[in-house]
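First up is the structure itself, then whatever we jot down about it.
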Amino acid sequence: MYEPKDPSTTAPTGSNAVQQPSPNDQEQRNIAELRRKIAELEAELAGASEHAAANDGRGYLQDFATAMGGWFWETDAELRFTYFSPSVQDITGVPPEWHYGKTREDFGIPDSVAPEVWAEHLACLRRREPFTDFVFQRRATDGIKWMRTSGLPVFDAQGEFHGYRGSASVITAEMEAKLRNDRLISAIENLDEMFVLWGPDDRLVVCNQRFRDINAKVIESVQPGVLFEDHIRTAMASGAYPSAAGHEEVWIQTRLAQHRNSGTPFEMQRQDGRWILLREQRLPDGSTTTISTDITSRKRAEQALAAKHDVLETALTTIPDGVQVLDQDLELVAWNDRLFEVLELDRDAILDRDSPGQALRRALAEQGSDDTQTAIEAQETMARAPGPVQYEQQLASGKWMECRGRPIASGGYVAVYRDIDESKRLYERLEHLATTDALTEIANRRSFLDRAEAEFDRAKRYNRNISFLMIDVDHFKAVNDRHGHAIGDDVLRRAAAACGDALRDSDILGRVGGEEFAALLPEANAETAHLVAERLRLAVAGLSVETTAGALPITVSIGVSTAAGARGNVEEIMAEADAALYQAKENGRNRVVHFSGSDMGVR
21 MYEPKDPSTT APTGSNAVQQ PSPNDQEQRN IAELRRKIAE LEAELAGASE HAAANDGRGY
81 LQDFATAMGG WFWETDAELR FTYFSPSVQD ITGVPPEWHY GKTREDFGIP DSVAPEVWAE
141 HLACLRRREP FTDFVFQRRA TDGIKWMRTS GLPVFDAQGE FHGYRGSASV ITAEMEAKLR
201 NDRLISAIEN LDEMFVLWGP DDRLVVCNQR FRDINAKVIE SVQPGVLFED HIRTAMASGA
261 YPSAAGHEEV WIQTRLAQHR NSGTPFEMQR QDGRWILLRE QRLPDGSTTT ISTDITSRKR
321 AEQALAAKHD VLETALTTIP DGVQVLDQDL ELVAWNDRLF EVLELDRDAI LDRDSPGQAL
381 RRALAEQGSD DTQTAIEAQE TMARAPGPVQ YEQQLASGKW MECRGRPIAS GGYVAVYRDI
441 DESKRLYERL EHLATTDALT EIANRRSFLD RAEAEFDRAK RYNRNISFLM IDVDHFKAVN
501 DRHGHAIGDD VLRRAAAACG DALRDSDILG RVGGEEFAAL LPEANAETAH LVAERLRLAV
561 AGLSVETTAG ALPITVSIGV STAAGARGNV EEIMAEADAA LYQAKENGRN RVVHFSGSDM
621 GVR
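Going by my numbering, the letters in the sequence shown line up with residues 21 to 623, in that order.
Take a look at the structure:
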C-alpha cells in the first residue's frame, strides 16, 4: 500500500540523502491538509487488497477533487502520468487516457512561467518534495489552458519512491482576469502623462509613478484614500505652486472649482519651474481622472519663438508632439518630423508637393472622413478662426490623435498634434468599468437609472408609453446557501444573458441589486410589456445549472408597471413594478404580475 511520506523522516539517509528545504507556512498548511485527507482515505481502505484499495481510494480522492472543482492524478516513479480521475474530462473535455505516459514537460508550456520557476518545479520533482499551487499553461486537445496543481511524493514502507499523487484545476478565467488587470496597471504606469483617479468621494484611488515623482516632497499626500483638497493644501504648504503666493486661499478655491467642473484643460507652473498641462474628466460614477502632461519644453519653445525666430527649428525638435506652422495663405512654413509620425503620413510624399500645406490637409482629411473635400474645408475654417481650436480624430489605423490649434498674432496658424491613443483607450476602459456590472456584463444600477431617466424624459416629452420590468431570481439565497457563490454567480450570469436575448433591441436591461434586474421598455403599452415579460420568463425557465446535486432549474418572478404618456416619474413607476414583483413572489413565483393599483393579479 502506497503511503505519502514526510521526506524528512522517510527519505534514504547517508551520503546520497537529499536535504529537504522547509516549505513556507502556507505550503505546510496545504501539504498537511492533503496528507490528512489521504491518511483518512487510507485508513478507510485498510484491510482491502492493495489493488482494490488503490482503486477505491481513487474514488474517494475523485470526490475530494470534484468538490474542489478539479481532478485527482497519479504518476509513476518516472513522473509519467498513470491515472487521471474522470472529472478531468468533465471539466476540460480531455479524456484521462490522453495524459497517460506523458510527463508535465510533455504538455506543459515552459514559456508560460518564469524560466527559474519552471526549473525549480522540475528540481522539486527530482528531489521528491511536495509542491503546492504550481501554476502553468497546458496545451491539449482543448487548446491552451491555465492550470494550478499540487502534489505529494509517494513512498512505500521501505522508503522507495513510487511517484506522485495530487490534484489540479483549471484557472484560465482567474489568470486572464489577473493578466487584464496587470495590463491595465502597466498601461497606467507607462503613460507619458501623470495619471490620477479620484473616487466619487474625491479620495485618491490610484496614480502612476510619474505623478508620485513630481510630488516626491509631499509623498504622503499621494497615497490611496487621501482627499483631493488635502493633497492640494499639502502641496501648497510645500511651495509647489509659486503663482499662488500671496493669495493662497483664493488659489485653492479656484483650483477646487476647476476640479469640480472638470473638462477644460488648463496649465500650471510648479515650484521647480516645470509647466504642467492638466486635463480632468468626470466619469459617469462621479470619479474624476486627472491627466497631467509636462509641457515645459513646449512652453519654453513658445517663449523663445516670440523672442527669436532663429531658435524655431531647435525648439520644434525638442517637442514630443507633431507641430505645423502655416502662413496667412495656409501654406506649410515650419514643421517637425514628429508631425508625420503622429499623423502616420509619408513625410516625403507631403513635402515633395507644390503645395505641402494643401497636401497635408488632404492627407489628414482622407485619414478620417469619407467626404474629403468637406473635411479639407473644415480644416481651413479652423485655421482661419479668431481663437484657439481643439479636436480629436481617429486615424485610418484606428489610433487617436488630438489637435490643438491657435492663430498667430501676425497672421497664420500653429497646430500641435498629440498621440492620445493610450489615454483614450484607458478612458474608455474606465468608463466601461464605471457603467457595467462586472459579473453579468450588463448595465450597473447607476448606469441603468441614468439611461432610464433619459428615456422617461423623452417619453414624457412626446407623450409616449413606457413600461418597467422588475425581475427577481427565485430562491436565490437558497441557491447560494446550498450550492455556494460560484453556482450563484453562474445562475445570475445565465439569467442575465437569457433576459438580454429575450428583450427587444430598444429595451434596456440592468442589474439593480444582488439577484434583482430591471428592464425599461420604451414605447411599450401594457399588452406589449406583458408579452415581453412572459417571453423573458419562459426564456429563463428553460435554463438550468449543473451542480454536484444535479441540474438546478432557474426561474424568475417579474413585476410590470406601465406609464401611459409617461405619467409620474421613474421612481414611482419602478416602485409600482417592485410592488407587482412582490405580489408575483407572494403568488408562488415564476410568474408575471402587472401593477394595477390595489387589485394586482397574474396576467
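Virtual Cβ for every residue (Gly too), placed ideally from N, Cα, C.
Counting only runs of 3+ residues, the beta strand (DSSP E) found wholly inside the segment 95 to 131 occupies 101 to 104, in chain order. Within the same chain, Cβ atoms closer than 7 Å to the Cβ of G306 are found at P220, the five residues on either side in sequence being excluded. Annotation for S417: E364 place their beta carbon closer than 7 Å to its own, counting only its chain and skipping 5 residues before and after. Distances from the alpha-carbon of R404 to those of V434, A383 and A522 put V434 closest. The bridge partners DSSP lists for Y411 are C423. In this structure, V499 is the residue among H614, L523, V499 and V613 with its C-alpha nearest to the C-alpha of G570. Uninterrupted beta strand (DSSP E) stretches at least 3 residues long and entirely within the segment 536 to 581 occur at 536 to 542, 564 to 567 and 570 to 573, given in chain order.
Listed in chain order, the non-local C-beta contacts of W118 below 8 Å within the same chain comprise A160 and T161, local neighbours out to five positions each way being set aside. As DSSP reads the structure, M490 sits in a beta bridge with A538 and G579. Under the three-state reduction of DSSP output, V532 falls in the coil class, being neither helix nor strand.
When DSSP assignments are scanned along the segment 455 to 502, the uninterrupted stretches of alpha helix (DSSP H) that are 4 or more residues long and fall wholly within it turn out to be 465 to 481. DSSP, read as helix, strand or coil, puts I296 in strand. Distance check between W93 and each of A193, R513, G186 and N235 places G186 closest, using alpha-carbon atoms only. The distance from the Cβ of L352 to that of G377 is about 4 Å, consistent with a contact at the 8 Å cut-off. Annotated three-state conformation of F231 is helix, per DSSP. Contact between V238 and T254 holds, with the beta-carbon distance rounding to 5 Å and staying under 8 Å. Looking at Q157, G588 and R426, the one whose alpha-carbon comes closest to that of F476 is G588. In the three-state DSSP reduction, A143 falls in the helix class (H, G or I).
When beta bridges are read from the DSSP output, S189 appears opposite R168. For Y602, the enclosing alpha helix (DSSP H) covers residues V590 to E606. Counting along the chain, V343 sits inside the beta strand (DSSP E) bounded by residues G342 to L346. Annotation: A260 to K198 spans about 37 Å, alpha carbon to alpha carbon. F156: member of the beta strand (DSSP E) spanning F151 to A160, first to last residue. When the five nearest sequence neighbours on each side are left out, the beta carbons in the same chain lying within less than 6 Å of the beta carbon of K319 are those of W295, in order along the chain. Here A143 is exposed, its C-beta having fewer than 16 other C-beta atoms within 10 Å. Three or more Cβ pairs closer than 8 Å define a contact, and the segment 477 to 495 meets that threshold against the segment 590 to 601.
Around the beta-carbon of N201, fewer than 16 other beta-carbon atoms lie within 10 Å, marking it exposed. Nearest to L459 by alpha-carbon distance, out of D509, I111, K497 and R484, is D509.
Beta-bridge analysis with DSSP links T308 to W218 and R302. Excluding five sequence positions before and after K165, the CB atoms of its chain that fall closer than 8 Å to its own CB belong to T112, Q157, R158, V190 and T192, given in chain order.
Judged by DSSP secondary structure, E287 falls within the beta strand (DSSP E) whose first and last residues are F286 to Q289.
The continuous beta strand (DSSP E) containing V613 extends over residues V612 to H614.
Contiguous beta strand (DSSP E) elements confined to the segment 342 to 378 occur at 342 to 346 and 352 to 355, taking only those with 3 or more residues.
A straight line joining the alpha-carbon of V409 with that of G431 spans about 16 Å.
With fewer than 16 other Cβ atoms inside 10 Å of its own Cβ, H452 counts as exposed. Excluding its 5 nearest sequence neighbours in each direction, L99 has C-beta neighbours in its own chain below 8 Å: T123, R124, L145, G183 and Y184, listed in chain order.
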